[in-house]
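In this text, residue positions in the sequence shown follow the numbering used here: the first is 145, and each later residue adds one.
Contents: one structure, followed by commentary.
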Amino acid sequence: MKSLLCLTEDYLEFIKPMEKYRESKTIYFEGTMKAKDKYLINKFTCRFKDKRLEQEYFDRTMDADKKYTQPLIILISLAFLLFIIPELLLLSSTSGLGEIFLIRFMTLVILIGLYIIIRQGSDNKKIAYLISIIELVLMFIYFSTMHTFASLDFLTSVLNLIVLISVIFIIPNMFINKIVVSAIVYMGFFIFPNQILSNVDSGLYAIAMTNTFLIVLMIAIVHHRVNYFDRIKFVNEKELIILSETDPLTKIYNRARFDSEMIKWIKIKDRYDNPIAIILMDFDYFKEVNDQHGHLKGDKVLVETARLVETLIRETDVFARWGGEEFILLLPETDRSNAIKLAERIRETICTFDYGLGTTITCSFGVTEIYDNDNLYSVFDRVDELLYTAKDKGRNIVISEKFT
145 MKSLLCLTED YLEFIKPMEK YRESKTIYFE GTMKAKDKYL INKFTCRFKD
195 KRLEQEYFDR TMDADKKYTQ PLIILISLAF LLFIIPELLL LSSTSGLGEI
245 FLIRFMTLVI LIGLYIIIRQ GSDNKKIAYL ISIIELVLMF IYFSTMHTFA
295 SLDFLTSVLN LIVLISVIFI IPNMFINKIV VSAIVYMGFF IFPNQILSNV
345 DSGLYAIAMT NTFLIVLMIA IVHHRVNYFD RIKFVNEKEL IILSETDPLT
395 KIYNRARFDS EMIKWIKIKD RYDNPIAIIL MDFDYFKEVN DQHGHLKGDK
445 VLVETARLVE TLIRETDVFA RWGGEEFILL LPETDRSNAI KLAERIRETI
495 CTFDYGLGTT ITCSFGVTEI YDNDNLYSVF DRVDELLYTA KDKGRNIVIS
545 EKFT
């Protein structure tokens with residue numbers, strides 16, 4: 145049997161969404177209060193208190209923002225090159241011309257490097273920190289050129305500062321990183337003018353410093369609120385997805401989700417020819433359980449059985465409630481013989497478990513493997529027929545093709 149770790153990246157891409165779904169389902173169904181606690185957002189840093197959820201949100205946001213970040217970097221690079229024209233007009237002499245071209249060239253190289261990092265990088269957290277470092281380097285380069293423009297108006301420089309800080313908030317990054325970088329740039333700007341623009345009136349300087357702070361603060365507040373409500377939207381969408389694909393009683397996949405997983409894994413089977421097995425199980429005489437003990441007790445049996453089965457399967461196995469008292473399992477990288485062994489373990493676990501009803505609960509099983517040219521309906525028809533064969537042969541047994 146081929147190892148799952150030896151498969152190509154394309155194959156692994158099929159598995160990653162399911163693993164993320166299982167993680168999100170665990171977060172949601174660990175208890176109502178615990179789930180709500182994990183969805184809490186720090187009102188200051190605007191981060192989820194649950195680190196795993198925060199990373200999932202950040203990865204999703206960064207991956208989405210990369211689509212506009214790359215063309216944005218190209219536009220910024222072109223803008224930096226075009227700024228050579230007004231800079232040449234502002235130069236008091238040609239002595240600083242070489243320095244201007246050198247700085248512009250360095251800036252262009254840094255921006256190209258940032259473009260490559262965002263395009264090819266996969267670790268979003270590292271990308272965020274690199275973006276912050278590059279932003280600080282670019283700001284330092286900008287401040288270092290201010291002394292070359294003797295005719296540069298102070299208020300124009302302040303306006304440039306506001307534009308630069310606005311760009312910092314536009315570029316995808318962690319919210320706290322944006323705040324820190326903006327604060328450093330703000331303080332750096334109002335330290336340099338004391339030495340560079342010595343003719344600035346102290347009153348004008350104080351007004352510009354205060355008003356700029358208020359503008360930056362408003363930008364930060366607006367960004368914080370947008371970020372905060374976007375996280376709430378993320379949580380709501382996450383819950384809706386879970387609810388739409390999860391059986392409300394047992395908290396495992398429902399039939400709709402299983403059907404989509406089945407179609408996906410059949411495609412994998414066609415592409416890689418890896419064994420995939422199906423187990424369909426149904427309770428024996430379950431109507432008697434409901435009639436004698438009530439439907440609430442019957443529901444409890446279904447829930448407890450779902451938890452028992454989950455302890456016996458792998459993370460990559462797809463487990464769903466098929467309907468009524470039927471459960472179904474899809475087992476990647478598993479042939480029919482190993483699926484039969486698993487079905488036997490499940491059968492023995494169920495019939496030896498104490499459900500507190502004073503009677504033994506049993507299940508019948510049908511086991512098959514997905515073959516070439518199989519489709520959703522042919523597999524379901526075959527495993528359903530095997531299950532009914534198990535019922536006809538006395539129940540509480542596992543039936544596969546080799547026994548029929």
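Built from N, CA and C at the ideal position, the CB exists for glycine as well.
Separation of residue j from residue i, as counted between CA atoms
| i | j | result |
| --- | --- | --- |
| residue 182 | residue 198 | 10 Å |
| residue 488 | residue 384 | 35 Å |
| residue 270 | residue 220 | 22 Å |
| residue 170 | residue 319 | Residue placement at residue 170 is flagged as unreliable, the pLDDT there being 44, under the threshold of 50; the coordinate-derived value follows with that caveat. Cα-Cα distance, rounded: 27 Å. |
| residue 486 | residue 521 | 23 Å |
| residue 434 | residue 502 | 14 Å |
| residue 391 | residue 207 | 30 Å |
| residue 389 | residue 472 | 15 Å |
| residue 252 | residue 378 | 36 Å |
| residue 530 | residue 543 | 6 Å |
| residue 267 | residue 371 | 21 Å |
| residue 373 | residue 188 | 14 Å |
| residue 212 | residue 279 | 17 Å |
| residue 480 | residue 440 | 35 Å |
| residue 517 | residue 418 | 14 Å |
| residue 257 | residue 478 | 45 Å |
| residue 537 | residue 437 | 27 Å |
| residue 310 | residue 326 | 9 Å |
Proximity winner among the options, relative to residue i (alpha-carbon distances)
| i | options | result |
| --- | --- | --- |
| residue 460 | 446, 472, 476 and 448 | 476 |
| residue 447 | 405, 394 and 490 | 394 |
| residue 328 | 370, 284 and 435 | 284 |
| residue 304 | 470, 263 and 359 | 359 |
| residue 450 | 397, 405 and 420 | 397 |
| residue 504 | 432, 536 and 463 | 432 |
| residue 276 | 501, 316 and 298 | 316 |
| residue 425 | 484, 436 and 502 | 484 |
| residue 297 | 492, 258 and 344 | 344 |
| residue 468 | 529, 497, 399 and 493 | 399 |
| residue 321 | 348, 458 and 368 | 368 |
| residue 249 | 438, 223 and 274 | 223 |
| residue 247 | 371, 350 and 225 | 225 |
| residue 348 | 299, 517, 273 and 523 | 299 |
| residue 312 | 479, 350, 364 and 437 | 364 |
| residue 523 | 366, 413 and 209 | 413 |
| residue 416 | 214, 515 and 265 | 515 |
| residue 500 | 465, 545 and 444 | 444 |
| residue 204 | 382, 306 and 436 | 382 |
| residue 272 | 458, 346, 306 and 209 | 209 |
Close-in-space but distant-in-sequence residues of the same chain around residue i (CB under 8 Å, 5 per side omitted)
| i | result |
| --- | --- |
| residue 314 | 216 |
| residue 375 | 185, 190, 192 and 201 |
| residue 281 | 254 |
| residue 452 | 490, 493, 494 and 497 |
| residue 532 | 510 |
Three-state class that DSSP yields for residue i in the structure shown
| i | result |
| --- | --- |
| residue 173 | With a pLDDT of only 42 at residue 173, under the threshold of 50, the placement of this residue in the model should not be trusted, and no figure is reported. |
| residue 476 | strand |
| residue 310 | helix |
| residue 527 | helix |
| residue 344 | coil |
| residue 443 | helix |
| residue 495 | helix |
| residue 539 | coil |
| residue 157 | With a pLDDT of 42 at residue 157, under the threshold of 50, the modelled position of that residue is not reliable, and the figure given next carries that caveat. Helix. |
| residue 213 | helix |
| residue 458 | coil |
| residue 425 | strand |
| residue 285 | helix |
| residue 191 | coil |
| residue 467 | strand |
| residue 390 | strand |
| residue 514 | coil |
| residue 404 | helix |
| residue 420 | strand |
| residue 505 | coil |
| residue 544 | strand |
| residue 397 | strand |
Spatial neighbours of residue i in its chain, beta-carbon cut-off 7 Å, leaving aside the 5 residues before and after
| i | result |
| --- | --- |
| residue 428 | 506, 507, 508, 539 and 540 |
| residue 535 | 508 |
| residue 302 | 352 and 356 |
| residue 263 | 214 |
Cβ separation of residue i and residue j, assumed to be a contact under 8 Å, to the nearest whole Å
| i | j | result |
| --- | --- | --- |
| residue 422 | residue 456 | Contact flag wrong, Cβ pair sits at about 16 Å. |
| residue 482 | residue 410 | At roughly 19 Å, the Cβ-Cβ gap does not stay under 8 Å, so residue 482 and residue 410 are not in contact. |
| residue 402 | residue 462 | 6 Å |
| residue 406 | residue 474 | 6 Å |
| residue 274 | residue 260 | The Cβ separation is near 11 Å, so there is no contact. |
Contacting residues, own chain, Cβ-Cβ under 6 Å from residue i (five flanking each side not counted)
| i | result |
| --- | --- |
| residue 527 | 422, 424, 510 and 512 |
| residue 194 | 182 |
| residue 442 | 433 and 434 |
| residue 420 | 409, 413, 476 and 514 |
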